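*Asks:* The structure under discussion is supplied below as structure tokens; questions concerning it will follow.
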Amino acid sequence: MKGSYRNKVLDVDLTSGTAKVEPLSEILIETFLGGRGLNVRRFFEEVPRDVDPLSPENALYIGIGPLEGTSFPGSCRVNFTARSPQTRLLGDSNAGGFFGPELKYAGFDQVVLRGRASKPVYLFIHDEACEFRDASNLWGKDIPDTQKAIIEELGDSRVQVAAVGPAAERGVKFAGIFCNLVRAAARTGMGTVLASKNVKAIAVRGTMPVEVALPDMFDDLVAEIKREILVHPQYKGRVYLGTTALMSSLNQLGCLCTRHYRTGRFEAIHQVSGERLADTLKVKGKACFSCIIPCSRYVRIDEKGKTILASEGPEFEGLAAFTSKVGNPDLKEGLIAVDMCNRLGMDVITTSEAIAFLMELYERGEISSSDADGLDLSFGNMQAVYALIEKIARREGIGDLLGDGAVEAARKLGVGEDLVMHVKGLEIFKADPRGLKGYALGLAVASRGGDHLRSEPSFEFSEDAEAARKLYGTEDAAFRLRYKGKGRVVKDYEERCAISDCLNACKNTLVNMEILSYDRMSTLLHAATGIKLDPEEIRLIGERIVNLERMYLVSHGVTRADDTLPKRFTEEPLPEESGPSAGSVVELDPMLDEYYESRGWDINSGIPKESTLKRLGILHLVNGVLDESLVLRR
Amino acid sequence: MVDLKVVVEEVRGFCDLPMKPGDYFEVRGGAIVIPEGGKVCLWALQSLMPLLPLKQRNIAEDNDWVPHTNKIICPDPKGGVVYRIEPLGANLHPKSESQDLPLRIVADPSKCVGCRVCELTCSFVHEGVYCPDMSRIRVEKDELTGKDEPIACHQCGTARCVLACPVGALKRNAATGAVDVDGDKCIRCKGCAKACPFGAIRFHPESGLPMICDLCGGDPKCVKECAAKALEVRER
């Protein structure tokens, strides 16, 4: 039976400049599904644990999912996986846009990049072929110029480009891979890895049709799902604001990251809110491939008859990064800072953390202008923010220090390591975890470090006590400021997110709008691929992935002691002005106990029990690791 | 040749002559005949003039724009007086005027969000697979400028693609007005695509045949699936 998988992997050896096409094994599909799952499975087995992340021996896995290329709404994402140069743990990041489906149309489910090219190249992947093309003249170009040059050179506006910017070339450890200009696989330094391989970009163009196993059934299911999305209570809000809605809503709840997580409300919220952006600067809505929720936006800033910025974006993270987080009340200036990061190819979360952290040190008098190339690092000084962004990307002066990430910078400065808001070396998002206990736990245990997209336990906003009791054993699970039941909520949502990352469909619809139950997923996957997996088998794939990723961390010595949060969130209550969240801290330990217990992990060490790994069928993969971790613990 | 009656159908703005709905004049042979006590606006007349001899004659090409155009508006920007031209006596274009006007897909790039659902829909409806390169409609995008422009067949009156085909492989479908492609006759010369002023014709990646919008037989599915409502079906 024909299905929506290609059953093909493009395995590229950059050192020798050769590429081969290999079959994708069916057993891997049935146990790890696609995207993130397939990537981490192969990465775990193939890449030596102690590999230097920026050496040719680190491999970069690029994976897409079984629904990619079909009409399933938002099935457009692509996962990049490698050892992270930023955290030195698991690196994994995904992006939306148009790159993923194009890879499917070009004939592949996965691409693996190994080795290092002898000179700058870009890859052109098209209809089951791969070309190595000279990129000497692209080296040093920013993201938009790179994409423009490649599309011009290839003479086809339908080529989809994933590129790295100057920051990645200079070894900034939190550089991303940018698809379609602004669709960034930003986190954990996957751009740095790609640049270390001397690859400036990957261009993809495919004309091969994607077939589904049961076309009529699939089409009916998709039509039904689309109808539900269009009448979903969240639909209109998402079309109007997308994730930028969070600016106002988090501010209202009193947990919007403001002046580096020192309070939960920004006094200038109305000047920088998602509503303000949509009502004043938005030109029109934008959507990813095959999605019926145009939650993104194209914005333009004109001043004195001249356009000073025209670009897609930003999302909530970028918007908060350079407004409330750094104490900036000017929307336009905030957008310019986001645009700079996008052009230079850096993660806005880490970049803004490096800057806001310095600003806090400066305010406390722990560093002075003379430590920061003479810059006035007062909160709200956007000229200093611009200068720091440029300096980081060029690794110049203080920017060189920040280019390894905020954690490393604190270590080198010798001050304020406690003030870097990160988990396991990865800086966290722009909601204050004290106001969202489930998210807080999610950050502490996420398999790529301080990340909210590994779990997104949005259930804790529901206030649906009855559902909470039924699903998670306590009504507290449905309330964001309570901690009971959150271990079970996070476990559940981690698995949903893992599946979403395997299908490479958008979490906004799959997880937050809860549009795809395991039951329905089972039917849909059968119609698309011809493969029958029952709902529980699909959930198990999610659980398997979370456990395998955990074992990768365990192999690097990670235990319960590392599943922690910055002291500020567990010890300092949110101040009075934070309204409904005031006085709140994160009760991490009881949540961790509950989480480990529901996961079948040892409560003291946070390491998966042998019985759990056996139940998930991955014991054989991780056996050596368990032995090593015992030694590590002794 | 046929005689005509030109009637004021509607006044959208302000006409100080005034021309009122129901006012009319006739065109008999080479003369304009104004009913007693009536009048004709000079502004409107100069716009109407080129159309009058045209509407007096029969048109061979059944999809030509002339039979489907019977209204004209006074060019005075304040006025907005709409005139309707109707035949007096014998109906010149019985076939065309008795059936619905041909349809076409009209796109509004300012509403298009660039999701390309139209492309996926088209390829699935026509080919049973998902493949943007097998779609008859496509979205031209430029991410730098934010351009998203859906391009589909304009269903031209006198279709250049049909005229350009050296072997007669392109033909009007009498029922829908869309252009049908005869795959057995087509010699893959690509002349049709070169002739299309809108760049709306592309070629099937496997068969090499031109792909031209067939309006899904009169009810285009891409329009239905466009959540942003950037596509619309209009009478041509």
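Chains Z and G are the protein sequences, given in the same order. Residues in the first sequence are numbered consecutively from 1, following the numbering used here. Residues in the second sequence are numbered consecutively from 1, following the numbering used here. Every residue gets a Cβ at the ideal spot worked out from N, C-alpha and C, and that includes glycine. Every value quoted in this text rests on a predicted model; they were computed, and no experiment measured them.
1) With 16 as the cutoff for other CB atoms within 10 Å, does Asp52 of chain Z come out buried or exposed?
2) Against Glu128 of chain Z, what residues of chain G qualify as contacts under a CB-to-CB distance less than 9 Å, listed in chain order?
3) Would you kindly work out how many angstroms separate the C-alpha atoms of Ser98 of chain G and Pro67 of chain G, rounded to a whole number?
4) Please check if any C-beta of chain Z sits within less than 9 Å of the C-beta of Pro205 of chain G.
5) Determine the direct distance from the alpha carbon of Glu610 of chain Z to that of Met421 of chain Z, and round the result to whole angstroms.
6) Taking DSSP as the reference, what is the three-state secondary structure of Asn180 of chain Z?
7) Have a look at Gln86 of chain Z and Lys173 of chain Z and give me their C-alpha separation to the nearest angstrom.
8) Taking C-beta to C-beta, are Leu103 of chain G and Thr176 of chain G nearer than 9 Å?
9) Kindly indicate the opening and closing residues of the alpha helix (DSSP H) around Ser93 of chain Z.
10) So the candidates are Z:Leu592, Z:Leu246, Z:Phe72; which of them puts its Cα closest to the Cα of Cys291 of chain Z?
11) Determine, using beta carbons only, whether Leu443 of chain Z and Phe459 of chain Z come nearer to each other than 9 Å.
12) What are the residues of the region 180-202 of chain Z that lie near chain G, defined by any Cβ-Cβ distance shorter than 7 Å?
13) Residues in its own chain within less than 7 Å of Gly583 of chain Z by CB, not counting five upstream and five downstream?
14) With Val326 of chain Z and Val338 of chain Z assumed to form a contact (beta carbons below 8 Å), what rounded beta-carbon distance in angstroms separates them?
15) Please classify Gln46 of chain G as buried or exposed, where buried requires at least 16 other C-beta atoms within 10 Å of its C-beta.
16) Note down, in chain order, each residue of its chain lying with its Cβ closer than 7 Å to the Cβ of Gly579 of chain Z, except the 5 sequence neighbours on either side.
17) Taking the alpha helix (DSSP H) that Ala410 of chain Z belongs to, which residues open and close that run?
18) If we ignore side chains and look at the alpha-carbon of each, how far apart do Arg83 of chain Z and Ala59 of chain Z end up?
19) Count the other CB atoms, across all protein chains shown, that sit within 10 Å of the CB of Arg434 of chain Z; report buried if there are 16 or more and exposed otherwise.
20) Report yes if the CB atom of Val182 of chain Z is closer than 9 Å to the CB atom of Asn504 of chain Z, and no otherwise.
21) Between the beta-carbon of Gly65 of chain Z and the beta-carbon of Glu211 of chain Z, is there less than 9 Å?
22) For Ile301 of chain Z, list the residues DSSP reports as bridge partners.
23) Where does His126 of chain G fall in DSSP's three states?
24) Are the C-beta atoms of Arg188 of chain G and some chain Z residue less than 9 Å apart?
25) Check Asp180 of chain G in the structure and name its three-state DSSP category.
26) Identify the continuous beta strand (DSSP E) that holds Ile202 of chain Z and give its terminal residues.
27) For His204 of chain G, collect the residues of the same chain with a Cβ closer than 7 Å to its Cβ; drop the 5 residues on either side in sequence, then sort them by chain order.
28) Report the partner residues of Arg83 of chain Z according to the DSSP bridge assignment.
29) Closer than 9 Å by beta-carbon distance: list the chain Z residues that pair up with Ser110 of chain G, in chain order.
30) In whole angstroms, give me the CA-to-CA distance for Ser455 of chain Z and Gly606 of chain Z.
31) Taking 9 Å as the cut-off, decide whether the C-beta atoms of Gly189 of chain Z and Pro166 of chain Z are in contact.
32) How is Gly365 of chain Z classed by DSSP in three states: helix, strand or coil?
33) Just to make sure I have the definition right: I need the residues of chain Z whose C-beta is within less than 7 Å of the C-beta of Leu120 of chain G. Which are they?
34) Is there at least one Cβ from chain Z nearer than 9 Å to Arg236 of chain G's Cβ?
35) Run through DSSP, which three-state label would Lys614 of chain Z get?
36) Check each candidate in G:Asp148, G:Val106, G:Ile72 and name the one with the smallest Cα separation from Cys222 of chain G.
*Replies:* This is what the structure holds:
1) Within the first sequence, the letter at position 52 stands for residue 52 of chain Z. Looking at its Cβ environment, which holds fewer than 16 other Cβ atoms inside 10 Å, Asp52 of chain Z is exposed.
2) Reading the first sequence from its first residue, position 128 is the one you call residue 128 of chain Z. In chain order: nothing, as chain G lies at least about 13 Å away.
3) Reading the second sequence from its first residue, position 98 is the one you call residue 98 of chain G. Reading the second sequence from its first residue, position 67 is the one you call residue 67 of chain G. Interpretation of Ser98 of chain G is limited by its pLDDT of 36, a score under 50 that renders its predicted location unreliable; the figure taken from the coordinates is listed afterwards. Their Cα atoms are separated by approximately 11 Å.
4) In the second sequence, the residue the question calls residue 205 of chain G occupies position 205. Interface residue, yes.
5) The residue given as residue 421 of chain Z occupies position 421 in the first sequence. The residue given as residue 610 of chain Z occupies position 610 in the first sequence. Each residue's Cα considered, the two are about 33 Å apart.
6) Locating residue 180 of chain Z in the first sequence gives position 180, where the first residue counts as 1. Coil, per DSSP.
7) Counting from one through the first sequence, the residue named residue 86 of chain Z turns up at place 86. Counting from one through the first sequence, the residue named residue 173 of chain Z turns up at place 173. One C-alpha to the other measures close to 5 Å.
8) On the second sequence, position 103 is the one that residue 103 of chain G refers to. On the second sequence, position 176 is the one that residue 176 of chain G refers to. Yes.
9) Mapped onto the first sequence, residue 93 of chain Z falls at position 93. Segment 90-95 is the beta strand (DSSP E) holding Ser93 of chain Z; no alpha helix (DSSP H) there.
10) Numbered from 1 along the first sequence, position 291 holds the residue referred to as residue 291 of chain Z. Comparing Cα-Cα distances from Cys291 of chain Z to each of Z:Leu592, Z:Leu246, Z:Phe72, the minimum goes to Z:Phe72.
11) One-based indexing of the first sequence puts residue 443 of chain Z at position 443. One-based indexing of the first sequence puts residue 459 of chain Z at position 459. Their beta carbons are not under 9 Å apart, which means Leu443 of chain Z does not touch Phe459 of chain Z by this criterion.
12) Asn180, Leu181
13) If you number the first sequence from 1, residue 583 of chain Z lands on position 583. The residues are Pro573, Leu574.
14) Working through the first sequence from its first residue, we reach residue 326 of chain Z at position 326. Working through the first sequence from its first residue, we reach residue 338 of chain Z at position 338. Not a contact, Cβ separation roughly 12 Å.
15) Counted from its first residue, the second sequence places residue 46 of chain G at position 46. Flag for Gln46 of chain G reads exposed.
16) Your numbering for residue 579 of chain Z matches position 579 in the first sequence. Cβ neighbours of Gly579 of chain Z beyond the five flanking positions: Gly254, Arg265.
17) By 1-based counting over the first sequence, the position of residue 410 of chain Z is 410. Taken as a continuous stretch (DSSP letters only), the alpha helix (DSSP H) holding Ala410 of chain Z covers 406-413.
18) The sequence position of residue 83 of chain Z within the first sequence is 83, counting from 1. The sequence position of residue 59 of chain Z within the first sequence is 59, counting from 1. So the two alpha carbons sit approximately 8 Å from each other.
19) Along the first sequence, one-based indexing puts residue 434 of chain Z at 434. So Arg434 of chain Z ends up on the buried side.
20) Indexing the first sequence from 1 puts residue 182 of chain Z at position 182. Indexing the first sequence from 1 puts residue 504 of chain Z at position 504. No; because the gap between Cβ atoms is not below 9 Å, this pair is not in contact.
21) Translated into the one-based positions of the first sequence, residue 65 of chain Z becomes position 65. Translated into the one-based positions of the first sequence, residue 211 of chain Z becomes position 211. Against a cut-off of 9 Å, the Cβ pair of Glu211 of chain Z and Gly65 of chain Z comes out as no contact.
22) Reading the first sequence from its first residue, position 301 is the one you call residue 301 of chain Z. Looking at the DSSP assignment, Ile301 of chain Z forms a beta bridge with Z:Leu309.
23) Taking the first residue of the second sequence as position 1, residue 126 of chain G is located at position 126. The answer is helix: DSSP assigns His126 of chain G an H, G or I state.
24) Counting from one through the second sequence, the residue named residue 188 of chain G turns up at place 188. So no, Arg188 of chain G is outside the interface.
25) Counting from 1 along the second sequence, the entry for residue 180 of chain G is found at position 180. Note: Asp180 of chain G maps to strand in three-state DSSP.
26) Mapped onto the first sequence, residue 202 of chain Z falls at position 202. It spans 199-205 - the beta strand (DSSP E) in which Ile202 of chain Z sits, taken as one unbroken run.
27) Position 204 of the second sequence holds residue 204 of chain G. Taken in chain order, the residues that qualify are Met134, Met211.
28) By 1-based counting over the first sequence, the position of residue 83 of chain Z is 83. BP columns for Arg83 of chain Z point to Z:Leu90.
29) By 1-based counting over the second sequence, the position of residue 110 of chain G is 110. Chain Z residues near Ser110 of chain G: Val283, Lys284.
30) Within the first sequence, the letter at position 455 stands for residue 455 of chain Z. Within the first sequence, the letter at position 606 stands for residue 606 of chain Z. Taking the straight line joining both Cα atoms gives about 17 Å.
31) For the purposes of this step, residue 189 of chain Z is identified with residue 189 of the first sequence, where counting begins at 1. For the purposes of this step, residue 166 of chain Z is identified with residue 166 of the first sequence, where counting begins at 1. No, Cβ-Cβ distance for Gly189 of chain Z and Pro166 of chain Z is not below 9 Å.
32) As a position in the first sequence, residue 365 of chain Z is number 365, starting the count at 1. Correct three-state label for Gly365 of chain Z: coil.
33) Residue numbering aside, residue 120 of chain G sits at position 120 when the second sequence is read from its first letter. Those are Ser71, Ser290, listed as they occur along chain Z.
34) Counting from 1 along the second sequence, the entry for residue 236 of chain G is found at position 236. Chain Z contact via Cβ: absent.
35) The count along the first sequence starts at 1 and reaches residue 614 of chain Z at position 614. Lys614 of chain Z: helix per DSSP, three-state reduction.
36) The residue labelled residue 222 of chain G in the question sits at position 222 within the second sequence. The shortest Cα separation from Cys222 of chain G among G:Asp148, G:Val106, G:Ile72 belongs to G:Val106.
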